[in-house]
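Asks:
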Amino acid sequence: LRIEQPELYYAVHRFLAQTNKQWAIDVSGADQVHYLGEYLYHSIYSEGSGIYATIMNEIAETFPESFAQFSDEVAHDEELQELMEGR
Numbered sequence: 418l419r420i421e422q423p424e425l426y427y428a429v430h431r432f433l434a435q436t437n438k439q440w441a442i443d444v445s446g447a448d449q450v451h452y453l454g455e456y457l458y459h460s461i462y463s464e465g466s467g468i469y470a471t472i473m474n475e476i477a478e479t480f481p482e483s484f485a486q487f488s489d490e491v492a493h494d495e496e497l498q499e500l501m502e503g504r
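Taken in order, the sequence shown gives residues 418 to 504; the numbers are from the working numbering.
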C-alpha cells in the first residue's frame, strides 16, 4: 500500500493517529498510555520523525498525569526507536 497508494497509506496513519488521540482523551491510566503510544507511532508514520518533539510536547501539556509513565515506555520501546531511525 505504501508503494502503490502512498496517499492512502499516509491518510490511514493520520486517521489512526487522530483516533488513538481521541481514545487517549476518553480513558485514563494504562489504557491512556497505550493509546498515546499508538498516537505517537502513527503520527511518526504519517508525518515523519521530525514530528516527534512536537507530539511529545503536546502529550506533556495535554496529558501531564500520564506523561512520566508514557515517556518511560517510549524510551524502552524498541519498535519506536527503529521507526525513528528509519524515518
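For every residue, glycine included, the Cβ atom is placed at its ideal position computed from N, Cα and C.
1) Can you give, in chain order, each stretch of the alpha helix (DSSP H) that sits fully within the stretch 422-453 and has at least 4 residues?
2) Between the Cα of Ser460 and the Cα atoms of Ile420, Ser483, Phe432 and Ser445, which residue gives the shortest distance?
3) Is it right to say Gly454 is buried, meaning 16 or more other beta carbons lie within 10 angstroms of its own, or is it exposed?
4) For a test of the three-state rule: what should DSSP assign to Asn461, helix, strand or coil?
5) Return helix, strand or coil for Asp489, following the three-state DSSP convention.
6) Is it a yes or a no for the stretch 490-497 touching the stretch 440-456, going by three-plus beta-carbon pairs under 8 Å?
7) Inspect the beta-carbon positions of Tyr426 and Leu418 and report whether they are closer than 7 Å.
8) Hey, how far is the Cα of Val429 from the Cα of Ser463?
Replies: For this structure:
1) Every unbroken stretch of the alpha helix (DSSP H) spanning 4 or more residues and falling wholly within the stretch 422-453 is given here in chain order: 423-443.
2) Closest option to Ser460, Cα to Cα, is Phe432.
3) So Gly454 counts as buried.
4) Strictly speaking, residue 461 in this sequence is Ile, with Asn absent from that position. Ile461: helix per DSSP, three-state reduction.
5) It is helical.
6) Judged by Cβ distances under 8 Å, the stretch 490-497 makes contact with the stretch 440-456, as three or more pairs qualify.
7) In contact: Tyr426 and Leu418 (Cβ atoms closer than 7 Å).
8) Cα-Cα distance, rounded: 8 Å.
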